[in-house]
Amino acid sequence: MRRLTAVDGRAAALGLFPGQKATDATALVPELIIAEADPAADAAALTKLVDWCARFSPAVAADPPDGLFLDITGVAHLWGGEAAMIDDLVRRLAAHGLTLRVAIAETPGAAWALAHFAPDRSRCENGQAATALAPLPVAALRLSQADAGQIGRLGLRSIGSVAALPRGELGRRFGSAVLKRLDQALGRAPEALTFRRPPNPWFARLAFAEPVSAPEDLATACNDIAAVLAARLEAEGQGARVFDLAFHRLDGRAERLSIALSLAGRDPAAVARLFQPLLERIDPGFGIEVVTLAARETETIGSRQACFSSSFGGGGPRSGGGAPNASPDRHRPPTSASPVLPPGGGERDDQDLSPFIDRLTNRLGAAVVWRAEAFASHAPERAAARRPPLTRPAETAWDAGRPRPVRLFRRPEPIEVIAPVPDDPPVLFRWRGQARRVRRAEGPERLAQEWWRRPFDDPAAVRDYYQVEDETGARFWLFRAGLYDAENPPRWWLHGLFG
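Converting from the sequence shown to this note's numbering requires adding 549 to each position, the first position being numbered 1.
Take a look at the structure:
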């Protein structure tokens, strides 16, 4: 059966409503224009609208099927107040052919109730939710149809009449769901919203008097907004590992870029420098009107003095190594009385290396910039793990008493072997079509399979490794898979190369 899923204002004024049979609707309004419902497209459009609203608030949540929640705490002053912010929002969406109703309140429940049942652009001051919601119908509490119908049959027509009932009696008659919705609307109980992007206090916004599109203007905007956000981070002693830059176009589309740092930082010049090569990806369209920058994965960092090279001996004025009246001999080697950071200092090395790693990571991708770290595993191919370049090394280390090849194949390669039985090393093997005679060999080193991997009782998973050297001096790492069995000869594999 075809039913109406949504109606506009004119249709509602003619007595049509969601859930009504399409045949009944066309009988009442013969000239009714009906469009096929597409819930998937509606959800995608609502998600795009959430992203577009990032210019008004860094915390936006979808309220399907046709609503949005914006947390505007601390951002309304950027438009000159809440009323001016509403005007700007309505004007921009109206330019795209969208109609809307807006309300502002201290809780999501109160804002939803006012937007749906109060006059458009209603605003509720803090602490006034009970008074503002009292005359609204019970449906404004976002109750189920069953709860709303049961309350209506008792003659309770407004939220004020429901709130006036004793809580115990209200809970016994209608259940906890009604109490929960009432408390959420009045601010007595919290309500969790699923924001498209988590609320982020480290957020900066720049708006232009006139739209910009020139590459040099985008680069200047990147430098300016990085300086604004870096000043806030420095004032709070914070640094960030990820920065998200967004250019908001006139047509509502947002062009987004992200960079990542190997160490938490807040240097605006370094952040802007990493964004510079990525700006060529930005399509300004008819112009950029707003730029936003958000910092993620923040952590506390301290100021660091990179080097202090000032002699304490002799008279005369004292000054730091970079002071204007410092000694002309600034590049002489430090004496024993010149305290400097040691060349091998871990923090010093990381700080000096991080700009280079950041450039590689943001140009090539994080997946190709890594360091190897020992990992507790019996299998050689699993004994190493990829880690971010500047993370602290783990206490686990490779056993120096068990040498491993410089080049370990991702997958062992099968070889043909002539070897005495049962446990002697090979005397001849063929790899990649070339026969190699073994001159020296060492082993075996038996590696059993890891018991926590299934099946752990497979004899073929036992490996006997040998280090062998052929007549040319090339050294190889071979292994025999499985124990000796006259009926089922074991298979041989080449796993790595030494040198």
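Cβ atoms here follow ideal geometry from the backbone N, Cα and C, with glycine treated the same way.
Being a predicted model, the structure only gives us computed values, none of them experimental.
- In the structure shown, the three-state DSSP call for H626 is helix.
- When the five nearest sequence neighbours on each side are left out, the beta carbons in the same chain lying within less than 7 Å of the beta carbon of L649 are those of V639, L642, in order along the chain.
- Taking the Cβ atoms as the reference, I837 lies roughly 5 Å from F796, within the contact range of under 8 Å.
- A779 is the residue among A688, A779, D573 whose C-alpha sits nearest the C-alpha of W751.
- In the assembly as shown, I583 is an exposed residue. Its beta-carbon has fewer than 16 other beta-carbons within 10 Å.
- W1026: not part of any alpha helix (DSSP H); member of the beta strand (DSSP E) spanning 1024-1030, first to last residue.
- Contact between A654 and A678 holds, with the beta-carbon distance rounding to 6 Å and staying under 8 Å.
- If you draw a 10 Å sphere on the C-beta of H626, you find fewer than 16 other C-beta atoms in it, and that means exposed.
- Bridge partners of W980 according to DSSP: Q983.
- Counting other Cβ atoms within 10 Å of its Cβ, P764 stays below 16 and is therefore classed as exposed.
- Distances from the CA of A768 to each of L827, T743, Q787 were compared; the closest alpha carbon is that of L827.
- DSSP places A809 within a strand segment (E or B) once states are collapsed to three.
- Assignment of G717 by DSSP, reduced to helix, strand and coil, places it in the helix class.
- Here K729 is not bridged, per DSSP, to any residue.
- The beta carbons of P748 and P607 sit closer together than 8 Å.
- A Cβ-Cβ distance of about 6 Å is found for the pair Y1014 and G992, placing them in contact under the 8 Å criterion.
- Per DSSP, reduced to three states, the secondary structure at D1019 is strand.
- A contact between stretches requires three or more CB pairs, one per stretch, nearer than 8 Å, and the stretch 723-733 meets this requirement with the stretch 690-703.
- In this structure, E922 and A934 form a Cβ contact; the two beta carbons are roughly 5 Å apart against a cut-off of 8 Å.
- Proximity of the stretch 656-665 to the stretch 731-749 meets the contact definition, three or more beta-carbon pairs being nearer than 8 Å.
- Take the alpha-carbon of A681 and the one of R845: they are about 37 Å apart.
- In this structure, L782 sits near A789, with a CB-CB distance shorter than 8 Å.
- Bridge partners of A795 according to DSSP: R805, T841.
- Around the beta-carbon of G1045, 16 or more other beta-carbon atoms lie within 10 Å, marking it buried.
- Under the three-state reduction of DSSP output, T847 falls in the strand class.
- Boundaries of the beta strand (DSSP E) around P961: 956-967.
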